[in-house]
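Peer 1: Supplied in structure tokens, the structure appears directly below.
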Amino acid sequence: MNPKFQAPRGTLDYTPPGSLALRRLQELAAEVFSRYGFLPLETPIFESTDLFTRSIGEETDIVSKEMYTFPDKKGRSLTLRPEGTASAVRAYLERGLEDTGFSRFWYFGPMFRYERPQAGRTRQFFQLGVEAFADAGPASDAEVIECFWRLCEALGLEGLQVKLNSVGCAACRGAYTAALKERLRGREGDVCEQCRTRLEKNPLRILDCKVAADQELYRDLPKLVDSLCEACAAHFAGVRGNLELLGVAYVLEPRLVRGLDYYTRTAFEITSGALGAQDAVGGGGRYDLLVEQFGGRPTPAVGFAAGVERLLMVAEKTAASLPAPYAGTAYIAALGERVGRRALELARDIRTEKLSCLLDLGPGGLGKKLKAASRLACGWALILGDAELDSGNIAVKDLASGEQKLVPLEGLVTYLKERRGHPCRTS
RNA sequence: GCGGAUGUAGCUCAGUUGGUUAGAGCACUGGAUUGUGAUUCCAGUGGUCGCGGGUUCGAGUCCCGUCAUCCGCCCCA
11 MNPKFQAPRG TLDYTPPGSL ALRRLQELAA EVFSRYGFLP LETPIFESTD
61 LFTRSIGEET DIVSKEMYTF PDKKGRSLTL RPEGTASAVR AYLERGLEDT
111 GFSRFWYFGP MFRYERPQAG RTRQFFQLGV EAFADAGPAS DAEVIECFWR
161 LCEALGLEGL QVKLNSVGCA ACRGAYTAAL KERLRGREGD VCEQCRTRLE
211 KNPLRILDCK VAADQELYRD LPKLVDSLCE ACAAHFAGVR GNLELLGVAY
261 VLEPRLVRGL DYYTRTAFEI TSGALGAQDA VGGGGRYDLL VEQFGGRPTP
311 AVGFAAGVER LLMVAEKTAA SLPAPYAGTA YIAALGERVG RRALELARDI
361 RTEKLSCLLD LGPGGLGKKL KAASRLACGW ALILGDAELD SGNIAVKDLA
411 SGEQKLVPLE GLVTYLKERR GHPCRTS
């Protein structure tokens with residue numbers, strides 16, 4: 011088959027059973043997030059281009075080369091969102107959430123970055139994340155990291171690592187970058203081309219340069235965490251103590267900087283060895299200046315974002331498989347014309363009791379219908395033919411075990427309800 | 001934006017130095033078994049060989065272009 015259309019480069023279709031895994035992940039995330047008081051927040055998928063350029067930073071890769079930017083019919087420059095935090099801050103201010111007492115939010119939705127696709131990277135991808143506003147204390151940093159960690163645990167993921175660092179505040183970071191420049195004065199010719207521009211525009215980023223020669227040169231530079239001002243050092247110590255209290259293991263990663271400009275103090279990532287070159291499952295940090303920068307009153311904030319595709323990739327490799335899509339579903343095999351009306355009623359009654367069923371009124375014999383039910387890995391087959399109808403019964407077959415018994419039509423729904431969650435084979 | 005690999009049936013893949021009518025397994029449809037599936041046996045459906053151009057008597061095979069996928073670099077989720 012040679013389809014006339016194909017999906018745009020770097021996009022995915024979620025088809026069963028992957029589509030089901032995506033939804034289940036969303037439900038699980040919503041459940042975990044609600045334990046921490048995070049409430050759902052939905053923002054547009056496109057925003058004014060300025061919103062991103064001014065928060066993420068003009069010099070970042072995202073803004074300088076990865077955004078889907080287009081003019082609308084009135085010539086306004088819009089951009090498909092490359093991440094979620096900027097929109098959350100914008101909505102927080104624009105809708106007056108500051109004054110409502112609601113300060114904790116979660117989101118789950120598509121993001122867009124124009125990049126070369128590879129393992130764990132597509133142009134449209136889903137992110138889920140949380141943002142916690144108006145709490146400057148180190149407990150909220152720890153709660154956010156813990157929340158991310160618990161979500162991974164709930165997914166059954168293994169082999170993950172929490173990496174932690176502090177990038178300080180405007181004051182100590184300024185002092186540190188000045189010291190960096192001082193130390194590297196005269197050595198500009200020895201570093202890679204990219205680091206030369208970094209030294210000019212965003213000196214912190216030289217720290218996570220991957221060029222071996224550069225790393226050698228940077229090895230005895232002072233660590234950012236050792237240069238924090240008193241307040242930032244105290245905050246960082248607080249975050250670490252709280253993580254230990256909560257039982258979330260982490261490793262210090264002095265070179266962890268992260269690619270967005272708005273981070274202050276805490277920066278963290280969760281990585282997995284089960285992924286390819288793109289090993290970050292997600293990351294985040296504190297952004298105490300962003301709300302004020304957007305015109306709000308000074309409001310500290312901390313959050314994280316995780317890549318849904320990457321969570322699912324790790325889940326596929328390390329977690330137990332999900333139940334088959336139709337594991338709890340009954341397959342009604344209706345045989346012959348006469349039973350059609352009764353079978354339709356039965357389907358209605360099953361669904362009224364919040365159970366699932368598929369109704370097969372089509373032609374074909376029992377063998378064919380059982381085969382269909384079996385192929386979809388349904389939990390039960392409900393066999394209704396003339397004999398059953400005349401005797402007021404229906405044959406209920408457990409497709410996993412092969413056991414079959416006659417159940418009175420009136421008692422069918424109760425019978426199924428009692429066996430809801432009956433273990434069925436998985437895909 | 002840069003580098004490498006790959007596109008043949010719904011899926012996973014064979015296909016010789018270019019040679020006549022392109023194959024297998026799985027899946028699907030039908031039958032053995034008019035009402036008992038996930039195991040067997042038999043038969044069948046399914047392909048403009050990613051797309052476009054070129055070389056040639058002849059192209060799935062060689063050349064050019066293009067689209068897409070995978071892997072890596074950069075960077076990130």
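Residue 367 in the working numbering sits at position 357 of the first sequence, with consecutive numbering throughout. C-beta: ideal position from N, C-alpha, C; glycine also.
1) Here's the rule: buried if 16 or more other CB atoms are within 10 angstroms of the residue's CB, otherwise exposed. What is Gln-16?
2) Spatial neighbours of Lys-191 within its chain, please: C-beta separation below 7 Å, excluding the five flanking residues on both sides.
3) If Val-301 and Leu-107 are in contact, beta carbons under 8 Å, what's the gap, nearest whole angstrom?
4) To which residues does DSSP link Asn-403 through a beta bridge?
5) Does the distance from the C-beta atom of Gly-94 to that of Ala-315 stay below 7 Å?
6) In chain order, what are the residue ranges of uninterrupted alpha helix (DSSP H) at least 4 long that sit wholly in the stretch 282-352?
7) Measuring only the C-alpha atoms, how far is Gly-119 from Ala-31?
8) Is DSSP giving Phe-115 helix, strand or coil here?
9) How is the beta strand (DSSP E) around Pro-439 delimited, first residue to last?
10) In chain order, what residues of the same chain lie with their CB nearer than 7 Å to the CB of Gly-395, ignoring the 5 residues before and after it?
11) Kindly indicate which three-state DSSP category Ser-411 falls into: helix, strand or coil?
12) May I have the straight-line CA-CA distance separating Ala-142 from Ala-101, to the nearest angstrom?
13) How big is the Cα-Cα spacing for Gly-28 and Leu-371?
14) Cutting at 7 Å between CB atoms, please list the residues of its own chain near Val-417, excluding the five before and the five after it.
15) Quick check on Lys-441: buried or exposed, where buried means 16 or more other Cβ atoms within 10 Å of its Cβ?
16) Closest to Ala-223 by C-alpha separation, out of Asp-200, Phe-112 and Thr-207, would be which residue?
17) In three-state terms, what does DSSP make of Leu-380?
18) To the nearest angstrom, report how far apart Phe-56 and Thr-89 are at their CA atoms.
19) Can you check the stretch 43-130 for any beta strand (DSSP E) of at least 3 residues that lies completely inside it and give the ranges in chain order?
20) For Ile-216 versus Cys-202, is the C-beta distance shorter than 7 Å?
21) Within 8 Å, do at least three Cβ pairs link the stretch 233-242 to the stretch 162-179?
22) Of the residues Lys-379, Ala-96, Val-423 and Thr-309, which one's Cα is nearest the Cα of Leu-409?
23) Closest by CA to Ala-340, which one among Ala-353, Ala-329, Thr-328 and Ala-330?
24) For the beta strand (DSSP E) that Ala-391 lies in, which residues bound it at each end?
25) Distance check for Arg-351 and Tyr-336, CA to CA, integer angstroms please.
26) Please report how far the alpha carbon of Asp-298 lies from the alpha carbon of Tyr-78, in whole angstroms.
27) Figure out for me which residue from Val-221, Pro-92, Ser-411 and Ala-152 has the closest Cα to the Cα of Ala-247.
28) Can Glu-254 and Lys-173 be called in contact, C-beta distance under 7 Å?
29) With DSSP run on the structure shown, which of helix, strand or coil describes Arg-195?
30) Looking at the structure shown, is Gly-184 part of a helix, part of a strand, or coil, going by DSSP?
31) With which residues is Lys-14 paired in a DSSP beta bridge?
32) Assign Phe-122 to one of two classes, buried (16 or more other C-beta atoms within 10 Å of its C-beta) or exposed (fewer than that).
33) Mind the definition here: the stretch 306-320 touches the stretch 58-74 only if three or more C-beta pairs lie below 8 Å; say whether that holds.
Peer 2: So, from the data block:
1) Translated into the one-based positions of the first sequence, residue 16 becomes position 6. Burial state of Gln-16 is exposed, judged by a 10 Å Cβ sphere holding fewer than 16 other Cβ atoms.
2) Numbered from its first residue, the first sequence carries residue 191 at position 181. Here the set comprises Leu-209 and Pro-213.
3) Along the first sequence, one-based indexing puts residue 301 at 291. Along the first sequence, one-based indexing puts residue 107 at 97. With 8 Å as the limit, Val-301 and Leu-107 do not qualify as a contact, their Cβ atoms being about 11 Å apart.
4) The residue you call residue 403 lines up with position 393 of the first sequence. DSSP lists Pro-418 as partners of Asn-403.
5) Translated into the one-based positions of the first sequence, residue 94 becomes position 84. Translated into the one-based positions of the first sequence, residue 315 becomes position 305. Contact flag set, yes.
6) 300-303 and 318-328
7) By one-based count along the first sequence, residue 119 stands at place 109. By one-based count along the first sequence, residue 31 stands at place 21. Answer to the nearest angstrom: the Cα atoms are 15 Å apart.
8) In the first sequence, counting from the first residue as 1, residue 115 sits at position 105. In the structure shown, Phe-115 sits in a strand (DSSP, three-state: E or B).
9) Outside the modelled stretch of the chain, which goes from 11 to 437, sits residue 439, for which no answer is possible.
10) In the first sequence, the residue the question calls residue 395 occupies position 385. For Gly-395, where only same-chain residues beyond five positions count, the Cβ hits under 7 Å are Leu-345, Gly-346 and Val-349.
11) Taking the first residue of the first sequence as 1, we reach residue 411 at position 401. Ser-411 falls in the coil class under three-state DSSP.
12) If you number the first sequence from 1, residue 142 lands on position 132. If you number the first sequence from 1, residue 101 lands on position 91. Taking the straight line joining both Cα atoms gives about 13 Å.
13) Stepping through the first sequence from its first residue, residue 28 is reached at position 18. Stepping through the first sequence from its first residue, residue 371 is reached at position 361. Taking the straight line from one Cα to the other gives about 28 Å.
14) As a first step, residue 417 is located in the first sequence; it is residue number 407 there, counting from the start. Around Val-417: Asn-403, Ile-404, Val-406 and Tyr-425.
15) No answer is possible for residue 441: it lies beyond the span of the chain, which begins at 11 and ends at 437.
16) To locate residue 223, count along the first sequence from 1; it is residue 213. Per the Cα distances, Asp-200.
17) On the first sequence, position 370 is the one that residue 380 refers to. In this structure, Leu-380 counts as helix in the three-state DSSP scheme.
18) As a first step, residue 56 is located in the first sequence; it is residue number 46 there, counting from the start. As a first step, residue 89 is located in the first sequence; it is residue number 79 there, counting from the start. One C-alpha to the other measures close to 5 Å.
19) The DSSP assignment places complete beta strand (DSSP E) segments of no fewer than 3 residues inside the stretch 43-130 at 56-58, 78-81, 87-90 and 114-122, in order along the chain.
20) Position 206 of the first sequence holds residue 216. Position 192 of the first sequence holds residue 202. Contact flag unset, no.
21) yes
22) On the first sequence, position 399 is the one that residue 409 refers to. Ranking the options by Cα distance to Leu-409, first place goes to Lys-379.
23) By one-based count along the first sequence, residue 340 stands at place 330. Each of Ala-353, Ala-329, Thr-328 and Ala-330 was checked against the Cα of Ala-340, and the nearest Cα belongs to Ala-353.
24) Position 381 of the first sequence, counted from the start, is the residue given in the question as residue 391. Where Ala-391 is concerned, the enclosing beta strand (DSSP E) stretches over 390-394.
25) Indexing the first sequence from 1 puts residue 336 at position 326. Indexing the first sequence from 1 puts residue 351 at position 341. Taking the straight line from one Cα to the other gives about 24 Å.
26) In the first sequence, residue 298 corresponds to position 288, counting from 1. In the first sequence, residue 78 corresponds to position 68, counting from 1. Computed Cα separation, rounded: 27 Å.
27) Position 237 of the first sequence, counting from 1, holds the residue named residue 247. The option with the nearest alpha carbon to Ala-247 is Ala-152.
28) The sequence position of residue 254 within the first sequence is 244, counting from 1. The sequence position of residue 173 within the first sequence is 163, counting from 1. Taking 7 Å as the Cβ cut-off, Glu-254 and Lys-173 do not qualify as a contacting pair.
29) Position 185 of the first sequence, counted from the first residue, corresponds to residue 195. Coil.
30) Indexing the first sequence from 1 puts residue 184 at position 174. Helix.
31) Here residue 14 is taken as the residue at index 4 of the first sequence, counted from 1. Paired residue(s): none; Lys-14 is not in a bridge.
32) To locate residue 122, count along the first sequence from 1; it is residue 112. With 16 or more other Cβ atoms within 10 Å, it is buried.
33) no
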